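**Q**
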Amino acid sequence: MNISLSITKNIHDWLFSIMPESVASIVEMVLIGLLYLVIFAILGLFLVLLERRIAAWFQLRIGPNRVGFQGLLQTMADALKLLSKELTGTTKADKFLYNLAPYFVIVSSLMALAVIPFTKEFHAFDINIGIFFLIAISSIGVIGILLGGWASNNKFALIGAMRSGVQTISYELSVALSLLTMIIITGSLQLSEIIEIQKNGWLIVQGHIPAIIAFMIFMISGTAESNRAPFDMVEAESELGAGFHTEYSGMKFAYFFLAEFINMFIIAAIAATVFFGGWLSPFGITESIPWLGVFWFLGKTFVLVFLMMWFRWTFPRLRVDQLLTLEWKYLLPINLVNIVIMALIVWLNLTIQF
Amino acid sequence: MSYFSDIYKGIKTLLTGMSVTGKYFLTSRKGAITQQYPDNRATLKMFDRFRGEVIMPHNENNEHRCTGCQKCEIACPNGTIEIIWDRGIDETTGKKKKKIDQFVYHLSMCTMCGLCIDVCPTNAIEWGQNFENSVYDRTALTRVLNKPESKLQPGVED
Chain A
1 MNISLSITKN
11 IHDWLFSIMP
21 ESVASIVEMV
31 LIGLLYLVIF
41 AILGLFLVLL
51 ERRIAAWFQL
61 RIGPNRVGFQ
71 GLLQTMADAL
81 KLLSKELTGT
91 TKADKFLYNL
101 APYFVIVSSL
111 MALAVIPFTK
121 EFHAFDINIG
131 IFFLIAISSI
141 GVIGILLGGW
151 ASNNKFALIG
161 AMRSGVQTIS
171 YELSVALSLL
181 TMIIITGSLQ
191 LSEIIEIQKN
201 GWLIVQGHIP
211 AIIAFMIFMI
221 SGTAESNRAP
231 FDMVEAESEL
241 GAGFHTEYSG
251 MKFAYFFLAE
261 FINMFIIAAI
271 AATVFFGGWL
281 SPFGITESIP
291 WLGVFWFLGK
301 TFVLVFLMMW
311 FRWTFPRLRV
321 DQLLTLEWKY
331 LLPINLVNIV
341 IMALIVWLNL
351 TIQF
Chain B
1001 MSYFSDIYKG
1011 IKTLLTGMSV
1021 TGKYFLTSRK
1031 GAITQQYPDN
1041 RATLKMFDRF
1051 RGEVIMPHNE
1061 NNEHRCTGCQ
1071 KCEIACPNGT
1081 IEIIWDRGID
1091 ETTGKKKKKI
1101 DQFVYHLSMC
1111 TMCGLCIDVC
1121 PTNAIEWGQN
1131 FENSVYDRTA
1141 LTRVLNKPES
1151 KLQPGVED
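The following block contains the structure:
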């Protein structure tokens, strides 16, 4: 029955039986690290392909369909091309920071990936302050972007990086506050416990009106957090070349690119976990088969990823002042009022429980 | 109070936009405008207003509608059209009459501006939909549009 659980447990027992404890735990960590790197790479490449196909369908085009069946190997070919390209740089760049920046971005998104529960027990790091950890980690990524923009010694890169700083710092608030609204219901920051509570109905149902408002705010500010259109001030192609990664080429560029898509996945995964019950099946139809939770989780996440792509291919890019007006004059006050409403609803026991 | 109506209007317009793109997304399978070109060469049909090249249609009796008035040659901004003409005897009236010998069209010089087609009083030349015009020798781009032995269609000059 409990397939995923038993596989991980068997490997765990087997490792500890053939090796001394300290070595075995290190080997286990390395294995988990490698597994997450593989998930990272596959997810990143798949999301890039998905984005390109969906963009094509929105624009009445066909999209990449030549390499492999329906273009499934297109992004693999692109990655191979990027691997074989020369790593260029500007002469007056700060070499150390310039080379460090892509790793900041990629490590922060990998760390965020680690706390997301794919299904029951398939969870690299079930930390008891999960949501807090996610909020904290998501703001480290912006350091990578700022470093990259600063160290490139390029005015467009610097402008792009500074815009990213403005954007991420302001929208950070909305992301955190909209998640806090939901935490009032759950009373716990631990992601596995948040999902456990949703067995009585997904939080977006439990919290009804304020939860829906919080979800809308989270999706808006999450899109802004991951620097995607319509909030792609950072790499506004028509204004800044490519923004903060103008001077990057080859694999370093690919790191930025993959991290951007993984960040989108992470935002969608957090929304799926906090609002839509994570790996829980609707009405508990497949509750007896825990490993199916992966599919429910990925299904919900990809629906939300599609929503973000839909935003991207519908809305025009905001100006910087419009971006800040939206955050400070609309999202933040609505969010604060929403928290009070949610607190009242929880206090008066008006949540919908099944 | 405009604060709240602004929020309402904002959400409403965003949803309107999303419904428009959503409709396009759902119909994209049927209405994809991308042509997968070399694969569909057999079935590819260019649209009517496509400007591929200038052609002179002939009817089944090998007759065209060009009277040799040379208005197209004058209208052409870059000397693409050259009309070689002479005077022949008209069969019905027995008088001398201007006839085209060769309607020479240099595709390599043509900018597809369409002035010649606009100016033609008898609709003798039109846009053709052929676009596969690459050749290895540029002399192949100089074309004679009237077919050999072709004549003026009777009744065009009336």
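Chains as they are written, first to last, in my numbering: chain A, 1 to 354; chain B, 1001 to 1158. Positions of the beta carbon are idealized from the N, C-alpha and C atoms, including for glycine. Quick caveat: nothing in here was measured; it's all calculated off a predicted structure.
Under three-state DSSP, which class holds Q70 (chain A)?
**A** Walking along the first sequence from the start, residue 70 (chain A) turns up at place 70. Correct three-state label for Q70 (chain A): helix.
**Q** Relative to the C-alpha of L240 (chain A), which residue among A:N335, A:A157, A:A136 and A:M251 is closest?
**A** As a first step, residue 240 (chain A) must be located in the first sequence, where it is residue number 240. It is A:A157.
**Q** For L324 (chain A), which residues of its own chain have a beta-carbon under 8 Å away from its beta-carbon, when the five flanking residues on both sides are left out?
**A** Within the first sequence, numbered from 1, the residue matching residue 324 (chain A) stands at position 324. Hits under 8 Å: V166 and S170.
**Q** Rank A:G243, A:A114, A:W57 and A:L49 by C-alpha distance to the C-alpha of A77 (chain A) and give the top, closest one.
**A** For the purposes of this step, residue 77 (chain A) is taken as the residue at position 77 of the first sequence. If we check each option's Cα against that of A77 (chain A), A:L49 comes out closest.
**Q** Who are the near neighbours of N338 (chain A) in its chain, counting only those whose CB is closer than 7 Å to its CB and skipping five residues on each side?
**A** Here the question's residue 338 (chain A) lines up with position 338 in the first sequence. Excluding positions up to five away in sequence, the list reads T181, P210, I213 and A214.
**Q** Suppose the cutoff is 7 Å on Cβ atoms and the five residues either side in sequence are ignored; what does the same chain contact list for K85 (chain A) look like?
**A** By 1-based counting over the first sequence, the position of residue 85 (chain A) is 85. Result list for K85 (chain A): S249 and G250, in chain order.
**Q** Which of the residues in the segment 1031-1046 of chain B, read from start to end, lie with their CB under 9 Å from any CB of chain A?
**A** Taking 9 Å as the Cβ-Cβ cut-off against chain A, the residues of the segment 1031-1046 of chain B that qualify are G1031, A1032, I1033, T1034 and Q1036.
**Q** Express the C-alpha separation of C1110 (chain B) and Y1008 (chain B) in angstroms, rounding to a whole number.
**A** Here the question's residue 1008 (chain B) lines up with position 8 in the second sequence. Here the question's residue 1110 (chain B) lines up with position 110 in the second sequence. If you take the alpha carbons of Y1008 (chain B) and C1110 (chain B), they lie about 55 Å apart.
**Q** What did DSSP end up calling N2 (chain A) once you bin it into helix, strand or coil?
**A** As a first step, residue 2 (chain A) is located in the first sequence; it is residue number 2 there, counting from the start. Note that N2 (chain A) scores 42 on pLDDT, short of 50, meaning its location in the model is unreliable and no value can be drawn from it.
**Q** What is the rounded straight-line gap between the Cα of I334 (chain A) and the Cα of V340 (chain A)?
**A** Your numbering for residue 334 (chain A) matches position 334 in the first sequence. Your numbering for residue 340 (chain A) matches position 340 in the first sequence. Approximately 10 Å between the Cα atoms of the pair.
**Q** Which bits of chain A does M1018 (chain B) rub up against, with CB to CB less than 7 Å?
**A** The count along the second sequence starts at 1 and reaches residue 1018 (chain B) at position 18. Those are W310 and T314, listed as they occur along chain A.
**Q** In whole angstroms, what separates the C-alpha of G44 (chain A) from that of I106 (chain A)?
**A** Taking the first residue of the first sequence as position 1, residue 44 (chain A) is located at position 44. Taking the first residue of the first sequence as position 1, residue 106 (chain A) is located at position 106. Distance between the alpha carbons of G44 (chain A) and I106 (chain A) is about 11 Å.
**Q** How is the alpha helix (DSSP H) around R53 (chain A) delimited, first residue to last?
**A** Start at 1 with the first residue of the first sequence, and residue 53 (chain A) comes out as number 53. E21 to F58 is the span of the alpha helix (DSSP H), which, as asked, contains R53 (chain A).
**Q** Grab the span of the alpha helix (DSSP H) containing E1073 (chain B) for me, first residue to last.
**A** Mapped onto the second sequence, residue 1073 (chain B) falls at position 73. Segment K1071 to A1075, the alpha helix (DSSP H) holding E1073 (chain B).
**Q** Given this structure, state the Cα-to-Cα distance separating M19 (chain A) from A41 (chain A), to the nearest angstrom.
**A** For the purposes of this step, residue 19 (chain A) is identified with residue 19 of the first sequence, where counting begins at 1. For the purposes of this step, residue 41 (chain A) is identified with residue 41 of the first sequence, where counting begins at 1. If I take the Cα positions, the gap works out to 30 Å.
**Q** Beta carbons nearer than 7 Å to chain B: which residues of the segment 325-338 of chain A have them?
**A** Listed by position along the chain: Y330.
**Q** In the segment 1044-1105 of chain B, which residue ranges form an unbroken alpha helix (DSSP H) of at least 4 residues, counting only runs that do not cross its ends?
**A** Within the segment 1044-1105 of chain B, the complete alpha helix (DSSP H) runs of at least 4 residues are 1071-1075.
**Q** Could you pull out every unbroken alpha helix (DSSP H) segment of at least 4 residues lying fully inside the segment 170-241 of chain A, listed in chain order?
**A** Qualifying alpha helix (DSSP H) stretches, in chain order: 191-197, 203-206, 208-225 and 237-240.
**Q** Span of the beta strand (DSSP E) holding T1142 (chain B)?
**A** For the purposes of this step, residue 1142 (chain B) is identified with residue 142 of the second sequence, where counting begins at 1. T1142 (chain B) -> beta strand (DSSP E) spans T1142 to V1144.
**Q** Taking the beta carbon of Q1102 (chain B) as the centre, do at least 16 other beta carbons fall within 10 Å, making it buried, or is it exposed?
**A** Numbered from its first residue, the second sequence carries residue 1102 (chain B) at position 102. The residue is exposed, with fewer than 16 neighbouring Cβ atoms inside 10 Å.
**Q** Roughly how many angstroms lie between the CA atoms of K1045 (chain B) and L97 (chain A), to the nearest whole one?
**A** As a first step, residue 1045 (chain B) must be located in the second sequence, where it is residue number 45. As a first step, residue 97 (chain A) must be located in the first sequence, where it is residue number 97. Spanning the two alpha carbons is a distance of roughly 55 Å.
**Q** Among A:I131, A:E235, A:I32 and A:V303, which one has its Cα closest to the Cα of A407 (chain A)?
**A** Residue 407 (chain A) is absent from the model: chain A starts at 1 and stops at 354.
**Q** Which partner residues does K1151 (chain B) have in the DSSP bridge list?
**A** Taking the second sequence and counting its residues from 1, the one referred to as residue 1151 (chain B) is at position 151. In the DSSP output, where bridge partners are listed per residue, K1151 (chain B) has B:E1063.
**Q** If the cut is a Cβ gap below 9 Å, which residues of chain B does W347 (chain A) touch?
**A** Sequence index remark: in the first sequence, residue 347 (chain A) carries index 347 (1-based). Correct list: empty, because the minimum Cβ distance to chain B is about 25 Å.
**Q** Could you check which residue in B:C1069, B:C1076 and B:T1092 has the C-alpha nearest to that of W1085 (chain B)?
**A** Translated into the one-based positions of the second sequence, residue 1085 (chain B) becomes position 85. Of B:C1069, B:C1076 and B:T1092, the residue nearest in Cα terms is B:C1069.
**Q** Y1105 (chain B) to C1120 (chain B), Cα distance in whole Å?
**A** One-based indexing of the second sequence puts residue 1105 (chain B) at position 105. One-based indexing of the second sequence puts residue 1120 (chain B) at position 120. Using only the alpha carbons, I get a separation of about 15 Å.
**Q** Per DSSP, what kind of secondary structure is T286 (chain A) in: helix, strand or coil?
**A** As a position in the first sequence, residue 286 (chain A) is number 286, starting the count at 1. Three-state result, T286 (chain A): coil.
**Q** Hey, how far is the Cα of N1133 (chain B) from the Cα of V1144 (chain B)?
**A** If you number the second sequence from 1, residue 1133 (chain B) lands on position 133. If you number the second sequence from 1, residue 1144 (chain B) lands on position 144. C-alpha separation (whole angstroms): 15 Å.
**Q** Would Y1105 (chain B) count as contacting chain A if we go by Cβ distances under 8 Å?
**A** Translated into the one-based positions of the second sequence, residue 1105 (chain B) becomes position 105. False, the Cβ-Cβ gap to chain A never drops below 8 Å.
**Q** Taking K1099 (chain B) as the reference, which of B:P1077, B:H1064 and B:K1030 has the closest Cα?
**A** Walking along the second sequence from the start, residue 1099 (chain B) turns up at place 99. Residue B:H1064 is the option with its Cα nearest to K1099 (chain B).
**Q** If you draw a straight line from the C-alpha of T314 (chain A) to the C-alpha of S221 (chain A), how long is it?
**A** The residue you call residue 314 (chain A) lines up with position 314 of the first sequence. The residue you call residue 221 (chain A) lines up with position 221 of the first sequence. So the alpha carbons of these two residues sit roughly 17 Å apart.
**Q** Who are the neighbours of L60 (chain A) on chain B, taking C-beta pairs under 7 Å?
**A** Numbered from its first residue, the first sequence carries residue 60 (chain A) at position 60. Those within 7 Å of L60 (chain A) in chain B are Y1024, S1028, G1031, A1032 and I1033.
**Q** Could you please give me the residues that DSSP links to G1128 (chain B) through a beta bridge?
**A** Here residue 1128 (chain B) refers to the residue found at position 128 of the second sequence. Answer by DSSP bridge pairing, in chain order: B:E1053.
**Q** So, at 6 Å on beta carbons, what are the nonlocal neighbours of A259 (chain A) in its own chain, with the 5 sequence-adjacent residues on each side left out?
**A** Looking up residue 259 (chain A) in the first sequence gives position 259. Within the same chain, A259 (chain A) has close Cβ partners V105, I106 and S109.
**Q** Counting pairs of beta carbons, one from the segment 67-75 of chain A and one from the segment 1037-1044 of chain B, are three or more of them closer than 8 Å?
**A** Verdict: no, contact absent.
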